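>
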Amino acid sequence: MPELTAGIPVDRLPKTFRDAVVLCLNLDIQYLWIDALCIKQDDTKDWEDAAASMADVYSHAKITIAATWSDDSNRGFFSQMRTELEDMPMQEPGLYVRLPKPDFPRSIHVPVDDSWPLLKRAWVYQERKLSTRMVHMAKEQLYWECDSAFLSEDGYENDRIIFLEDLRSPMEVPANAWRSAVGHYSRLKLTYKSDRLPAISALVKRMQPLREGDVYVAGMWLNTVLQDLAWFVFERGNPTQLSRPDIKCPTWSWAATAYGVHWHSVEDLLPSLRLFDITYDVTGPAHFGQTANASIRLEGPTITARYTTEKSFVLEMINIHGPYQALKGQKIDGREDFYLKGADPPILPGEVFNILLMTVDSPSYGGIILHQLSGEQYQRIGWSRLWYYKTTWPEHAPDWTEEQVLEDFVASLPIKQFTIV
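Residue numbers are given in UniProt numbering: position 367 of the sequence shown equals residue 367, and the series is strictly consecutive.
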């Protein structure tokens, strides 16, 4: 620590840091924040204190400098520009044609390729969203991004980079803005899975004044927790990689999966769905949302279903009685939150689950898939959508539409209560 406060010779810094110093000197900027130098490494208390101020650091900075083309601190800001020329027959003398430069991702939410490694990092997401002015050092040229414009060195202009939601805008519904931000953030890369909640905590601090009286818990907001629970794994990949992060997080939180998540329409909750209580112990700064011993108690219409032996995660409804025999054996599409067969112990085809229905988006219903752990406790293992594929109609309603069949069926389901941990 004394060595750091006494000063560090610039030539001892990695190339990217040296380039940042040179740029600041040329812009007559007196102060430069570099996370790796300004936060004590391996000091949890200092790291938490610094994380608490990140929203202010980036939103109040004169400029944020991004080595967008670089995948580490040694490559620097600048690369060798392409100089190759291509002979082309031209009718007009004195006319030159330049090869096109790579397109900068036009939205903060568009998946990026390997040309922009920095934009794949989860920590960078909130830094970019909070910064009012940002200069991108890309492989081929510089880009300028701010609230009112997006400019590039080759002369291309746009009003601004495309944000699907803006946490600074009073016109945006905070709950929708939060779920949209999480949906895009959750697809990005983290070196440490334990950072899944901390790496978005600066956005939480920015949103807290917009959600007066609300409480942030495990990535959810209590005033909209029923809607926030309706997430599902968005990405598909090698299922052996779909493991749960080894972090203290309740299974009902989106942070309990290692993959990107998404929400369907969540405004229409089933009227029979009830929240009884949420209990938890806070284990860190409030804006981190980290908890221990967290549980939520819900009640609502419940389907009993069996995990089939098909390759994809498909459930088959069982225990169907009365006029709804036509629905017996109906397949329900499921999305697992993690690799079920790789769980400890593994969750295998043939096991019976409960599906607690929560949302309706006609002509389908959505619900969380619950697996009993012990006694009264359940874990969330996935999300399902119930559709009715017309086979034969219930005997008492031969002229009903698919929507009417499902509506009547859901109304007939038993109401069950679950404690989910």
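The C-beta atom is built at its ideal place from N, Cα and C for all residues, glycine as well. Keep in mind the model is a prediction, meaning the values are calculated, not measured.
Compare the beta carbon distance of Val261 and Phe234 with 8 Å and say whether it is the shorter of the two.
One thing to note: Val261 has its Cβ within 8 Å of the Cβ of Phe234.
> Output needed for Ser59: all residues of its chain with C-beta closer than 8 Å, excluding positions within five of it in sequence on either side, in chain order.
Apart from sequence neighbours up to five positions away, the residues of its chain that approach Ser59 with a beta-carbon distance below 8 Å are Leu130, Ser131, Thr132, Arg206, ordered along the chain.
> Which of the three DSSP states is assigned to Phe163 in this structure?
The predicted model places Phe163 with a pLDDT of 47, which falls under 50 and marks its position as unreliable, so this point remains unresolved.
> Please classify Lys193: does DSSP put it in a helix, a strand, or coil?
helix
> Give the DSSP-derived three-state secondary structure of Trp123 in the structure shown.
Note: Trp123 maps to helix in three-state DSSP.
> Would you kindly check if the distance between the Cβ of Val182 and the Cβ of Trp254 is under 8 Å?
yes
> Can you give me the Cβ contacts of Asn223 inside the same chain, cut-off strictly under 6 Å, excluding the 5 residues immediately before and after it?
Asp214
> Suppose contacts are defined by Cβ-Cβ distances below 8 Å. Is Leu44 in contact with Met134 by that definition?
Looking at the sequence provided, one finds Thr at residue 44 rather than Leu. In this structure, Met134 does not lie closer than 8 Å to Thr44 by Cβ.
> I need the boundaries of the alpha helix (DSSP H) containing Ser115, first residue and last residue.
Segment: none, Ser115 is in no alpha helix (DSSP H) and carries neither H nor E.
> Distance, Cα to Cα, Pro198 vs Lys189?
13 Å
> Tell me where the beta strand (DSSP E) around Phe276 begins and ends.
274-282
> Nearest by alpha-carbon distance to Phe409: which of Met137, Ile303, Glu336 is it?
Ranking Met137, Ile303, Glu336 by Cα distance to Phe409 puts Ile303 first.
> Taking the continuous alpha helix (DSSP H) assigned at Ala51, which residues delimit it?
Here the alpha helix (DSSP H) through Ala51 covers 44-52.
> Tell me where the alpha helix (DSSP H) around Phe17 begins and ends.
15-26 is the extent of the alpha helix (DSSP H) around Phe17.
> Give the DSSP-derived three-state secondary structure of Trp178 in the structure shown.
In the structure shown, Trp178 adopts helical secondary structure according to DSSP, grouped into three states.
> Going by other Cβ atoms of all chains shown within 10 Å of its Cβ, with 16 needed for buried, is His287 buried or exposed?
In the assembly as shown, His287 is a buried residue. Its beta-carbon has 16 or more other beta-carbons within 10 Å.
> How many Å lie between Phe338 and Thr257 at the Cα?
6 Å
> With C-beta atoms as the reference, is Arg306 less than 8 Å away from Val360?
no
> Determine the burial state of Gln126: buried for a count of at least 16 other Cβ atoms within 10 Å of its Cβ, exposed for fewer.
buried
> DSSP beta-bridge partners for Leu222?
Leu222 pairs with nothing; no bridge assigned.
> Restricting to Cα atoms, I'd like to know which of Gly366, Ser148, Gly76 is closest to Asp228.
Gly366
> For the beta strand (DSSP E) containing Phe77, name the first residue and the last one.
Careful: Phe77 lies outside any beta strand (DSSP E) and carries neither H nor E.
> In three-state terms, what does DSSP make of Val421?
coil
> For the candidate residues Asp147, Ala149, Glu153, Lys40, whose alpha-carbon lies nearest to that of Gln141?
Glu153
> Can you tell me whether His184 is buried or exposed? The criterion is at least 16 other CB atoms within 10 Å of its CB, across all chains shown.
buried
> Buried or exposed for Cys38, please, with buried defined as at least 16 other CB atoms from any protein chain shown within 10 angstroms of its CB.
exposed
> Which partner residues does Thr304 have in the DSSP bridge list?
Asn354
> Going by Cα to Cα distance, which pick from Leu27, Leu370, Leu298, Ala202 is closest to Asp56?
Out of Leu27, Leu370, Leu298, Ala202, the CA that lies nearest to the CA of Asp56 is found in Ala202.
> With DSSP as the reference, label Met171 as helix, strand or coil.
Because the pLDDT at Met171 is just 48, under 50, the model does not fix this residue reliably, and the point stays unresolved.
> Between which two residues does the alpha helix (DSSP H) harbouring Phe313 extend?
Premise fails: Phe313 is in no alpha helix (DSSP H) and is neither H nor E.
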